[in-house]
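Under the UniProt record's numbering, think of the first position of the sequence shown as 1, with each following residue one higher.
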Amino acid sequence: MTNSRIVHHPILGRLQERGKIHFTFDDNEYIGYEGETIAAAMLANGERVLRSHEESGNLRGFYCNIGHCMECRVTVGNQKTVRACLSLIEEGMIVNSGKKLPTPFKKGETL
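Below is the structure:
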């Protein structure tokens, strides 16, 4: 799918000259291109949701896309809390959405 990508970028060059990279996100196969972050590849493939909020379960996606806010946390292989906006895709990479984790204590609770 190239309709959501810039096909001639002044720095990255022409899309057709960049190598395709195959990766999975939540067991679905996607194609990205050399030099793309996980976030860029997911956006170009039409994906907007990367995880669920730990407390509310609300769906979360991209916010700042510069590594500051931590909204794009995903799991890559066995490594949790990887920022999708800072991590380049690699061939065969297995990415999973940030699953909702239980919060052990809530404000006002005592042991």
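Backbone N, C-alpha and C fix where the C-beta goes; we use that ideal spot for every residue, glycine too.
Inside the region 22 to 54 only - beta strand (DSSP E) runs reaching at least 3 residues: If we require 3 residues or more, the beta strand (DSSP E) runs fully inside the region 22 to 54 come out as 28 to 33.
message: Quick check on the DSSP output: the beta strand (DSSP E) that includes V7 runs from which residue to which?
response: That residue, V7, is in no beta strand (DSSP E); it is neither H nor E in DSSP.
message: Can you check which of these residues, L86, R18, R73, E91, is closest to H53 by C-alpha distance?
response: Ranking the options by Cα distance to H53, first place goes to R73.
task: Identify whether L88 lies in helix, strand or coil by the three-state DSSP scheme.
output: Strand, per DSSP.
- prompt: Under the three-state reduction of DSSP, which class applies to R73: helix, strand or coil?
  reply: Per DSSP, reduced to three states, the secondary structure at R73 is strand.
query: How should E36 be labelled, buried or exposed, when 16 other C-beta atoms within 10 angstroms of its C-beta is the threshold for buried?
result: Taking every protein chain shown into account, the CB of E36 has 16 or more other CB atoms within 10 angstroms, so this residue is buried.
- prompt: Can the beta-carbon of A39 be found closer than 8 Å to that of C85?
  reply: Their beta carbons are under 8 Å apart, which means A39 touches C85 by this criterion.
- prompt: Under 8 Å, do E71 and H22 count as touching if we go by C-beta distance?
  reply: No, the Cβ-Cβ distance between E71 and H22 is not below 8 Å.
task: Pick helix, strand or coil for L15, following the three-state DSSP scheme.
output: L15 carries a helical assignment under DSSP once its states are collapsed to helix, strand and coil.
query: So N78 is in the beta strand (DSSP E); what residue range does that whole segment cover?
result: Element bounds for N78: n/a, residue is neither H nor E.
- request: Check whether the Cβ atoms of E34 and R18 sit closer than 8 Å, and answer yes or no.
  value: Yes, the pair counts as a contact, with Cβ atoms nearer than the cut-off.
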